[in-house]
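Q:
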Amino acid sequence: MTYSVVWFKRDLRAADHRALAEAARLGPVLCLYVVEPSLWAQPDAAAQHHAFITESLHALADDLRSLGAPLHVVTGEVVRVLQRLHALAPFARLVAHEETGNDLTFQRDRAVAQWCRANGVIWREWPQFGVVRRLANRNTWQAHWEGHMAAALVPAPPLQDVALPWAEPPALSASELGLPAELPPRRQMGGRHEGLAVLQDFLTDRCAQYRGGISSPLSAPSACSRLSPYLAYGCLSMREVVQATRYQIATLPTGDPSASRHRAGLQAFVSRLYWHCHFIQKLESEPELEWRNLHRGYNGLREDDWNEAHFQALIQARTGWPLVDACVTMLRHTGWLNFRMRAMLVSVAAYPLWLHWRPVGLWLARQFLDYEPGIHWSQMQMQSGTTGINTTRVYNPIKQAHDQDPHGHFVRRWLPYLRKVPQTWLFEPWRMPPDVQARCGVQVGVDIPLPVVDLDIATRTAKARLHSLRAQPDVKAGKAAIVTRHGSRKRPAGRAPARRNASSAAPSPQATQLTLEF
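Numbered per this note's numbering, the sequence shown finishes at 523, counting up by one with no gaps.
1) Using the three-state DSSP reduction, which class does Ala28 fall into: helix, strand or coil?
2) Tell me where the beta strand (DSSP E) around Val117 begins and ends.
3) Of all the alpha helix (DSSP H) runs that stay within the bounds of the region 341-370, which reach a length of 4 or more residues?
4) When the Cα atoms are used, what is the spatial distance from Ala501 to Ser43?
5) Rounded to the nearest angstrom, what separates Arg301 and Pro378 at their Cα positions?
6) How should Pro190 be labelled, buried or exposed, when 16 other C-beta atoms within 10 angstroms of its C-beta is the threshold for buried?
7) Do the CB positions of Ile394 and His281 come within less than 8 Å of each other?
8) Thinking Leu164 and Ala74 are a contact (beta carbons under 8 Å), I'd like their distance in whole angstroms, please.
9) Between Arg277, Lys481, Ala269, which lies nearest to Leu232 when the distance is taken from Cα to Cα?
10) Taking the continuous alpha helix (DSSP H) assigned at Ala237, which residues delimit it?
11) Over the uninterrupted beta strand (DSSP E) stretch that includes Ala51, give me the two end residues.
12) With C-beta atoms as the reference, is Leu360 less than 8 Å away from Trp311?
13) Straight-line CA distance for Gly81 to Val39?
14) So, is Gln428 buried or exposed, given that buried needs 16 or more other C-beta atoms within 10 angstroms?
15) In or out: Glu41 buried (at least 16 other Cβ within 10 Å) or exposed?
16) Rounded C-beta distance between Arg120 and Leu87? I'm assuming under 8 Å.
17) Could you tell me if Gln388 is buried or exposed, where buried requires 16 or more neighbouring beta carbons within 10 angstroms of its beta carbon?
18) Decide if Arg122 is buried, meaning its Cβ has at least 16 other Cβ atoms within 10 Å, or exposed.
19) Please report the residue range of the alpha helix (DSSP H) in which Ser290 lies.
20) Is it right to say Pro292 is buried, meaning 16 or more other beta carbons lie within 10 angstroms of its own, or is it exposed?
21) Classify Asp21 as helix, strand or coil using the three-state DSSP reduction.
22) For the pair the region 25-38 and the region 64-79, tell me if three or more CB-CB distances fall below 8 Å.
23) Quick check on the DSSP output: the beta strand (DSSP E) that includes Tyr38 runs from which residue to which?
24) Around the C-beta of Asp408, are 16 or more other C-beta atoms found within 10 angstroms, so that it is buried, or is it exposed?
25) Do the CB positions of Ala406 and Val399 come within less than 8 Å of each other?
26) Give me the DSSP bridge partner(s) of Trp419.
27) I'd like to check one pair, Phe57 with Gly195: are the Cβ atoms closer than 8 Å?
28) Quickly, what does DSSP pair His102 with across the bridge? List them, please.
29) Might you give, ordered along the chain, the residues of its own chain that have their beta carbon closer than 8 Å to the beta carbon of Ile403, omitting 5 neighbours on each side?
30) Which class does Asp166 belong to by DSSP, given the choice of helix, strand or coil?
31) Run through DSSP, which three-state label would Val524 get?
32) Looking at Val10 and Phe96, is the spacing between their C-beta atoms short of 8 Å?
33) Would Ile127 be called buried (16 or more neighbouring beta carbons within 10 Å of its own) or exposed?
34) In this structure, how does DSSP classify Trp150 when only helix, strand and coil are distinguished?
35) Looking only at DSSP bridge pairs, what is Leu76 linked to?
36) Would you grab the beta carbon distance between Ala52 and Leu177 for me? Rounded to a whole angstrom, and I think it's under 8 Å.
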């Protein structure tokens, strides 16, 4: 019997799944998800990712079963699984979505392609996002993105089942894969139905808060769409989210102030979806940016100055800067943080703490439930100043606290030891006089951590080191090639497709650093 294997990766849905639909059109299918021990052994993997994927797989299995076929979850390395399957029940085609993941998934996909060629198996992949494989020129990228997003959604097809030719034991648990068991107690749950509910709630209600609400950690949990994990693991397709958003914009009445707020939020959201793919394209075009400075002229800037004490203070929420420590604490409890606060964490790590972006990025990858490698590593380098093409952005955590948490509600919520500290001293508690400490029942340096460095001096020193390197002729000379390969060109407006303004100018590079809100 001739059949196709549909390999699910970070595309855990049956709707708008081109690979599944094309395979079903040709005949029977075997739906396969592989739990890869080597992938879960990577330093960017976390138990919360495993839990979210497991929940999403249960939802996917239910949907596939209703279409006529089960989902087979197999543990092993992919090439070995395919080899065993092909030996017992030869298949003609292997189909999947393209994935822009970490280096292990890149090398794995190359090995799968090689195995298919050697065994006469047709290997076909379809784009998952608006990302273009083997993109020759960035000038054509926006047209590709718009074309992908405008294409008709692919309905979930009826399926003819193929049985797995062996009895498969239950998939390995997080602990069996060597992952620490601790999970954020308030993380989002996985699954397509969860994602659709979040999407509907955002489009019809919460989008009104989007503009003006996504920067503060107080308002962002409801103002942001909260769709990022469902996009990262493919519970929802980017195309269906873009089309649903544009449809909602088109149906809003005119002249209604409430509708105007909704429209403004949704238009801003579409632009963020565009930038989502823009940043993933960077990793697709240059996989090395996961571990190597995008601009090689910055090699050696921080690599030899690693300070473990600074790193431990950051990850243990003991830097002494209240907003930073509150953000780390929230992240541990929820697996999520809004983008401005993420950028602030990376900025603090990169400048006053002078930590290299790679170890910090691995830690944050494990903390972020919505870890998307293409966005994550591009942003780690952008916020650390090693892209060579972006304006240096240094976030002062004291200023950010005053701007984004002016009454201290966020800081007091996540740092109980500051709840009795008067507002005057809340964001700089180390300046609190001893008699005030006594009245509050706290002692700076014991109950409240002291800042690990002098913020002003350390930041000035860090910026001077970076700008000194940036001013060197060879570093300046390397910038043009990076702009050509990775720089943004144009962005779409958030209007319905028929009213798009394709000539709208792209935001400045510094502006794009604040656009990845979901």
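The beta-carbon is built from N, C-alpha and C at its ideal position, and this holds for glycine as well.
Please read these numbers as outputs of a predicted model, since none were measured by experiment.
A: For this structure:
1) helix
2) First-last for Val117: 108-124, but that is the alpha helix (DSSP H), not the beta strand (DSSP E).
3) 344-355
4) Because Ala501 carries a pLDDT of 40, less than 50, the predicted location of this residue cannot be relied on, and the following value inherits that uncertainty. C-alpha separation (whole angstroms): 43 Å.
5) 20 Å
6) exposed
7) no
8) 4 Å
9) Arg277
10) 233-237
11) That residue, Ala51, is in no beta strand (DSSP E); it is neither H nor E in DSSP.
12) yes
13) 7 Å
14) exposed
15) buried
16) The sequence shown places Trp at residue 120, rather than the Arg named in the question. The pair is a contact, with the Cβ atoms about 6 Å apart (cut-off 8 Å).
17) buried
18) exposed
19) 262-290
20) buried
21) coil
22) yes
23) 34-40
24) exposed
25) no
26) Answer is none; Trp419 lacks a bridge partner.
27) yes
28) Trp131
29) Trp326, Leu328, Phe432, Glu433, Leu460
30) strand
31) It is not possible to answer for residue 524, since the shown part of the chain is limited to 6 through 523.
32) yes
33) exposed
34) helix
35) Cys36
36) Incorrect: roughly 12 Å between the Cβ atoms, too far for contact.
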